[in-house]
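Visitor: Anchor point for the sequence shown: position 157 equals 157 in the UniProt record's numbering, and the numbering is continuous, going up by one each time.
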Amino acid sequence: RWIWNRRGRKLIVAMSSPKETREEGVNLQLVGDSEKGAYKNSVHHEDGESSPLSTEDYDPHLHRNVPHPTSNMETLVHILKGSLGTGILAMPEAFANSGYVSGFINTIIIGALCTYCLHILVRTQYIICKRNRLPILTFPASMQMALEQGPKPLRRYAKASAIIVDVFLIIYQLGICCVYIVFVATNIKQLIDYYWVDFDVKLHMLILLLPLIGLNCIRNLKVLAPFSSFANVITFVGLGLILTYILEDMAGPSARQAFAPIGKFPLFFGTVLFALEAVGVVIAVENNMKTPKSFGGYFGVLNIGMFVITILYAIIGFLGYLKYGADAKGSITLNIPQMDPTAQAITIIFAVAIFISYGLQCYVPVEIIWNQYLLKRFEDSPKKLAWEFATRIVVVIMTFLLAVAIPRLGLFISLFGALCLSALGLAFPAIMEICVLWPDKLGPGRFVLYRDIALIIFGIVGLVAGTYVSVRDIILSFM
Numbered sequence: 001r002w003i004w005n006r007r008g009r010k011l012i013v014a015m016s017s018p019k020e021t022r023e024e025g026v027n028l029q030l031v032g033d034s035e036k037g038a039y040k041n042s043v044h045h046e047d048g049e050s051s052p053l054s055t056e057d058y059d060p061h062l063h064r065n066v067p068h069p070t071s072n073m074e075t076l077v078h079i080l081k082g083s084l085g086t087g088i089l090a091m092p093e094a095f096a097n098s099g100y101v102s103g104f105i106n107t108i109i110i111g112a113l114c115t116y117c118l119h120i121l122v123r124t125q126y127i128i129c130k131r132n133r134l135p136i137l138t139f140p141a142s143m144q145m146a147l148e149q150g151p152k153p154l155r156r157y158a159k160a161s162a163i164i165v166d167v168f169l170i171i172y173q174l175g176i177c178c179v180y181i182v183f184v185a186t187n188i189k190q191l192i193d194y195y196w197v198d199f200d201v202k203l204h205m206l207i208l209l210l211p212l213i214g215l216n217c218i219r220n221l222k223v224l225a226p227f228s229s230f231a232n233v234i235t236f237v238g239l240g241l242i243l244t245y246i247l248e249d250m251a252g253p254s255a256r257q258a259f260a261p262i263g264k265f266p267l268f269f270g271t272v273l274f275a276l277e278a279v280g281v282v283i284a285v286e287n288n289m290k291t292p293k294s295f296g297g298y299f300g301v302l303n304i305g306m307f308v309i310t311i312l313y314a315i316i317g318f319l320g321y322l323k324y325g326a327d328a329k330g331s332i333t334l335n336i337p338q339m340d341p342t343a344q345a346i347t348i349i350f351a352v353a354i355f356i357s358y359g360l361q362c363y364v365p366v367e368i369i370w371n372q373y374l375l376k377r378f379e380d381s382p383k384k385l386a387w388e389f390a391t392r393i394v395v396v397i398m399t400f401l402l403a404v405a406i407p408r409l410g411l412f413i414s415l416f417g418a419l420c421l422s423a424l425g426l427a428f429p430a431i432m433e434i435c436v437l438w439p440d441k442l443g444p445g446r447f448v449l450y451r452d453i454a455l456i457i458f459g460i461v462g463l464v465a466g467t468y469v470s471v472r473d474i475i476l477s478f479m
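1. DSSP three-state label for LEU137, please.
2. Here's the rule: buried if 16 or more other CB atoms are within 10 angstroms of the residue's CB, otherwise exposed. What is GLU248?
3. By how many angstroms is the C-alpha of PRO140 removed from the C-alpha of VAL179?
4. So the alpha helix (DSSP H) GLY443 belongs to, where does it begin and stop?
5. Drop a sphere of 10 angstroms on the beta-carbon of LYS383, count the other beta-carbons inside from all chains shown, and report buried for 16 or more, exposed for fewer.
6. Check whether the Cβ atoms of THR70 and MET289 lie closer than 7 Å to each other.
7. To the nearest whole angstrom, what separates the beta carbons of VAL436 and ALA146, a pair I think is in contact under 8 Å?
8. Go ahead and pull the three-state DSSP assignment for THR70.
9. Using the beta-carbon count (16 or more within 10 Å), is SER357 buried or exposed?
10. Contact defined as beta carbons within less than 8 Å: I believe ASN72 pairs with ALA260. What is the distance between those atoms, to the nearest angstrom?
11. On a Cα-Cα basis, can you pick out the residue from ILE309, ILE431, ILE336 that is closest to LEU76?
12. First and last residue of the alpha helix (DSSP H) that includes TRP387?
13. Return the first residue and the last residue of the alpha helix (DSSP H) that ASN207 is part of.
14. Quick one: what does DSSP say MET289 is sitting in, helix, strand or coil?
15. Does the distance from the CB of SER470 to the CB of LEU415 come in under 7 Å?
16. Could you check the C-alpha separation between residue 541 and ILE170 for me, to the nearest Å?
17. Taking VAL66 as the reference, which of THR291, GLN149, THR235 has the closest Cα?
18. If you draw a straight line from the C-alpha of MET143 to the C-alpha of CYS420, how long is it?
19. So, does the stretch 157-165 touch the stretch 326-338, judging by three or more C-beta pairs under 8 Å?
20. Hey, how far is the Cα of ILE397 from the Cα of ILE181?
21. Which whole-angstrom value is the C-beta distance of ILE127 and LEU137, which I expect to be below 8 Å?
22. Considering Cα atoms alone, identify which of ILE105, CYS117, GLN149 is closest to ASP440.
23. How far does the alpha helix (DSSP H) with GLN361 in it extend, from its first residue to its last?
24. Should ALA386 go down as buried or exposed, given a rule of 16 or more other Cβ atoms within 10 Å for buried?
25. Between residue 485 and ILE349, how many whole angstroms is the CB-CB distance? I'm expecting something under 8 Å.
26. Nearest by alpha-carbon distance to GLY320: which of ILE283, GLU286, MET250, PHE299 is it?
27. Taking the continuous alpha helix (DSSP H) assigned at GLN190, which residues delimit it?
28. What is the DSSP secondary structure of ASP33, reduced to helix, strand or coil?
29. So LEU302 and LEU118 are in contact, right, with Cβ under 8 Å, and what is the actual spacing, rounded?
30. Would you mind sorting PHE478 into buried or exposed? The rule is 16 or more other CB atoms within 10 Å of its CB.
31. Distance check for PHE95 and PHE458, CA to CA, integer angstroms please.
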């Protein structure tokens, strides 16, 4: 059964006695016995608004009922795999749009900012769950409930905010999947061209379609963990091999730009944000943890994962740019000559690793589309499972068609990073925190309010500037 609040918005939540909405697979979105839904523990005012009761003795983490929880190590593996994708291979090109000094410093800054905003998001979700006695809330449901508790001018947008978050999440995750298809097909083409015959990259994408459909039909996140572990191992091996190429006959800093023209910075920003921010995967894996209290903290799973990722990205970007300069391509694997067997091994390694990662990245949009919008239509249907698999297949076909339409890897990465992650990773968590702490818990001198407003402005500027420059360059690339 689905729970609907009085405004007609479906809340994907779990009460203190959760039931699974399906018998198999990982279920991050649970419903409870009470038809009052999220407002079971709310006070209804005369103006029609609701304010939830604070429940100090309720710990949402202790009331989660996840069918297949992941350990701390499995969660760390998923975070690493969710971020160690095509983005790290695009970092040399990103540094070409910023310069090696600006690129290194700003990669560290953006990495720290992404991590901080993820902490804001997870912490805010916890507060909302605690107030409303809910074990789990999805990102969209959290956004809606946060706005319903925030300043009165924002409350009218609560229902729309959940839909907006859904749309951004779906676009972003589908964008990642498109990038992955382009990446794998482009790298396979490079290898096939050398050994056999020059086929169009779109034919290679078509060949990948059926295997990708099969991968996306894995419904259990825990089943994907061993594949993610394997992909992580070969990714690190591949990065080590790439470093051997980069360090050989590498140009010195004097041969490269320390600071690139400011007009190129939005492309750098979009690429790095795309590379570092894995908000969809982070929320999914945190909700699915066996011990979610281990996720935050100074030495928690999130900080460890993001520290490793940020340092790796900065190093690969810095050294890759010194090696290839302005000639750095959307994936550094495309800069490596294919006549060397080691280079061919690198191509195969990353093609396999990114192919495996497609399943994890596609997991998020499928969960949103199926559980939040389609499941209620087929809840009592004997063909419910068939409809779910049909949804998974359609999602893969959509990403395939978009990848075929715009096979520009570097610009693709920058566009989706700027368009979606400026909102999902920076602005939305800040908006949620303002609403949840409103009006009297915003810190001394309302410091939290002004800090979050700065994050919102930064996110909006990044979205507008990054999207504009990326779209402009995509259009120019077809001329």
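From the three backbone atoms N, C-alpha and C, an ideal C-beta is built for every residue, glycine too. Please read these numbers as outputs of a predicted model, since none were measured by experiment.
Guide: Checking against the coordinates, here is how it stands:
1. Looking at LEU137 - three-state DSSP - the assignment turns out to be strand.
2. When all chains shown are included, GLU248 counts as exposed.
3. Between the C-alpha atoms of VAL179 and PRO140 there is a straight-line separation of about 24 Å.
4. Neither: GLY443 is in no alpha helix (DSSP H) and is coded neither H nor E.
5. So LYS383 ends up on the exposed side.
6. With respect to the 7 Å criterion, THR70 and MET289 are classified as neighbours on the basis of their beta carbons.
7. VAL436 to ALA146, Cβ: 5 Å. Contact.
8. Strand, per DSSP.
9. Sixteen is the threshold: when 16 or more other Cβ atoms of the shown chains lie within 10 Å of the Cβ of SER357, as they do, the residue is buried.
10. No, ASN72 and ALA260 are not in contact; Cβ-Cβ is about 40 Å, not under 8 Å.
11. Of ILE309, ILE431, ILE336, the residue nearest in Cα terms is ILE309.
12. 384-405 is the extent of the alpha helix (DSSP H) around TRP387.
13. Before going further, note that residue 207 is Ile rather than Asn in the sequence given. Here the alpha helix (DSSP H) through ILE207 covers 201-216.
14. Here MET289 carries a strand assignment [DSSP, helix/strand/coil].
15. Result yes, Cβ atoms of SER470 and LEU415 sit closer than 7 Å.
16. Lying before the first or after the last residue shown, residue 541 is absent from the chain, which here runs from 1 to 479.
17. It is THR291 whose Cα lies nearest to the Cα of VAL66.
18. Spanning the alpha carbons of MET143 and CYS420 requires a straight line of approximately 16 Å.
19. Fewer than three pairs of CB atoms, one per stretch, sit closer than 8 Å, so the stretch 157-165 makes no contact with the stretch 326-338.
20. So the alpha carbons of these two residues sit roughly 11 Å apart.
21. The Cβ separation is near 10 Å, so there is no contact.
22. For ASP440, the nearest C-alpha among the options comes from GLN149.
23. 341-367 is the extent of the alpha helix (DSSP H) around GLN361.
24. Looking at its Cβ environment, which holds fewer than 16 other Cβ atoms inside 10 Å, ALA386 is exposed.
25. Residue coverage of the chain in this structure runs from 1 to 479, which leaves residue 485 outside it and unanswerable.
26. For GLY320, the closest C-alpha among the options ILE283, GLU286, MET250, PHE299 is that of MET250.
27. That run of the alpha helix (DSSP H) goes 158-195.
28. Any reading at ASP33 must be qualified, since the residue scores a pLDDT of 31, below 50, and its modelled position is unreliable; the value itself is stated next. For ASP33, the three-state secondary structure derived from DSSP is coil.
29. Here LEU302 really is in contact with LEU118; their C-beta atoms are around 6 Å apart, less than 8 Å.
30. Classification for PHE478: exposed.
31. PHE458 and PHE95 have their C-alpha atoms some 20 Å from each other.
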